[in-house]
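Scroll down for the structure; my scribbles are underneath it.
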């Protein structure tokens, strides 16, 4: 889940499933709403017999050190 501040509040989405994006007033609501949307989407995909979307995103932290 990616959370970003927007002019309308907090936008949450999953890069692996671009069909699901929500915007809510706060982070807690955005997390709950996206979880609900992802479950709904994945159930619909399963009911159609469609393959689950492949995972292609990866997140890592990197350390940036200032040069002297």
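In our numbering, the protein residues as written are 545 to 612. Ideal placement from N, C-alpha and C gives every residue a C-beta, glycine not left out.
- With a contact defined as Cβ atoms closer than 8 Å, residue 553 and residue 567 qualify at about 6 Å.
- Excluding the 5 residues flanking it on each side, residue 589 has same chain C-beta neighbours closer than 7 Å at 596, in chain order.
- Residues of the same chain with a CB within less than 6 Å of the CB of residue 555, apart from the 5 flanking positions on each side, are 548, 567 in chain order.
- Just so you know, the alpha carbons of residue 578 and residue 572 end up roughly 10 Å apart.
- Under a 10 Å Cβ-count criterion, residue 600 is classified as exposed, with fewer than 16 other Cβ atoms of the shown protein chains found around its own Cβ.
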